[in-house]
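Numbering-wise (our numbering), the sequence shown opens with residue -2 and increments by one. Backbone N, C-alpha and C define an ideal beta-carbon position, used for all residues, glycine too.
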Amino acid sequence: MSPPVAPPGWSRWLVPPAALSVHLSIGQAYAWSVFKPPLESALGLSGTQSALPFQLGIVML
């Protein structure tokens, strides 16, 4: 069995930026727990009201 070969024109340098963008987008779900309490107190939001941006972020993931 021969090893897989990338098609002509494929650049392996596209993989690190793609992986970084995936990790950053997944990390936003974890970062929300850090930003949620200050946003709620600064804007006077309830837990239910502040959940909408998180829910939209998860849907867009």
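By the Cβ rule, the segment 45 to 55 does not count as touching the segment 10 to 17, because fewer than three pairs are nearer than 8 Å.
In this chain, the alpha helix (DSSP H) harbouring residue 44 covers 44 to 57. For residue 16, the three-state secondary structure derived from DSSP is helix. Straight across, the Cα-Cα distance linking residue 25 with residue 0 is about 37 Å. With contacts defined by Cβ atoms closer than 9 Å, residue 58 and residue 22 form a contacting pair.
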